[in-house]
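Colleague:
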Amino acid sequence: MNNSNVTETAITQEKNQKKNPAKRVQVVNVKIVKEASFLYANRYVRSPEDGYELFKEHLEEADREHFVVAALDTKNQPISINTVHVGCLNSSIVHPREVMKPAILSNAASIVVAHNHPSGDPDPSKEDIKVTERLAKAGRVLGIELLDHVILGRTTFISLKEKGCATC
1 MNNSNVTETA ITQEKNQKKN PAKRVQVVNV KIVKEASFLY ANRYVRSPED GYELFKEHLE
61 EADREHFVVA ALDTKNQPIS INTVHVGCLN SSIVHPREVM KPAILSNAAS IVVAHNHPSG
121 DPDPSKEDIK VTERLAKAGR VLGIELLDHV ILGRTTFISL KEKGCATC
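With the first letter of the sequence shown counted as 1, position 103 gets the number 103 in the UniProt record's numbering; the numbers rise by one all the way through.
(1) Quick check: what's the CA-CA separation for T156 versus D148?
(2) Among the candidates R97, R154, N107, E145, whose CA atom is the shortest distance from the CA of H115?
(3) Under 8 Å by Cβ, that's how I've got S110 and N76 pegged, so tell me the actual separation to the nearest angstrom.
(4) Give the single residue among N20, A62, E61, L146 whose Cα lies nearest to the Cα of A70.
(5) Which value, in whole angstroms, describes the spacing of the CA atoms of K34 and N20?
(6) Span of the beta strand (DSSP E) holding T132?
(7) Just to confirm my understanding: we take S125, look at its own chain, exclude 5 residues before and 5 after, and list those with CB closer than 7 Å. What are they?
Structure representation (structure tokens):
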């Protein structure tokens with residue numbers, strides 16, 4: 001390369017930098033921080049009743065809808081529980097991205113999700129069914145199986161898997 005080519009290259013690079021200044025890129029580290037722990041007597045989540053028992057102390061007294069995800073290992077033992085969204089009195093807008101994030105960070109094999117209905121009636125809404133379908137689809141893409149979606153009422157619960165939700 002001769003000296004004039006080097007000079008032309010340097011001038012071209014300088015012009016490009018003036019047109020498109022460098023962008024600062026953040027270097028980040030994402031990790032889970034343990035906030036608390038509790039003893040789960042059943043050790044495994046193998047049925048809708050197990051899911052209900054796992055979630056009920058987190059959700060039964062809530063005055064607004066809370067959407068919670070439990071990340072499970074390959075033996076269906078809970079690794080972590082994370083509240084991914086707190087809604088209003090009768091709704092909670094949930095996106096698969098927020099639900100799958102703690103599952104990915106926990107290296108989960110599967111998840112069980114739950115939310116409460118402060119009205120006390122655990123019957124699923126059309127939106128509950130749609131959310132479940134979207135979560136199941138996202139889970140298939142990521143290799144994280146959605147085992148069930150449990151809806152807690154005041155004294156009872158409903159399992160969307162038991163209700164025949166085709167995606168669970």
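Even for Gly, the Cβ is constructed at its ideal location relative to N, Cα and C.
It should be emphasised that the depicted structure is a prediction, and the values quoted were computed from it without experimental measurement.
Modeller: Answer, in terms of the structure:
(1) What you label residue 156 is simply residue 156 of the sequence shown in a count that begins at 1. What you label residue 148 is simply residue 148 of the sequence shown in a count that begins at 1. Their Cα atoms are separated by approximately 16 Å.
(2) Taking the sequence shown and counting its residues from 1, one reaches residue 115 at position 115. If we check each option's Cα against that of H115, R154 comes out closest.
(3) If you number the sequence shown from 1, residue 110 lands on position 110. If you number the sequence shown from 1, residue 76 lands on position 76. That belief holds up - the Cβ atoms of S110 and N76 are roughly 7 Å apart, short of 8 Å.
(4) Here residue 70 is taken as the residue at index 70 of the sequence shown, counted from 1. Closest by C-alpha distance to A70, out of N20, A62, E61, L146, is L146.
(5) Residue numbering aside, residue 34 sits at position 34 when the sequence shown is read from its first letter. Residue numbering aside, residue 20 sits at position 20 when the sequence shown is read from its first letter. Roughly 42 Å separates the two Cα atoms.
(6) By one-based count along the sequence shown, residue 132 stands at place 132. In the DSSP annotation of this structure, T132 is not part of any beta strand (DSSP E); the continuous alpha helix (DSSP H) holding it starts and ends at 126-142.
(7) On the sequence shown, residue 125 is found 125 positions in, with the first residue counted as 1. Cβ-Cβ distances below 7 Å link S125 to nothing in the same chain once the five nearest sequence neighbours on each side are left out.
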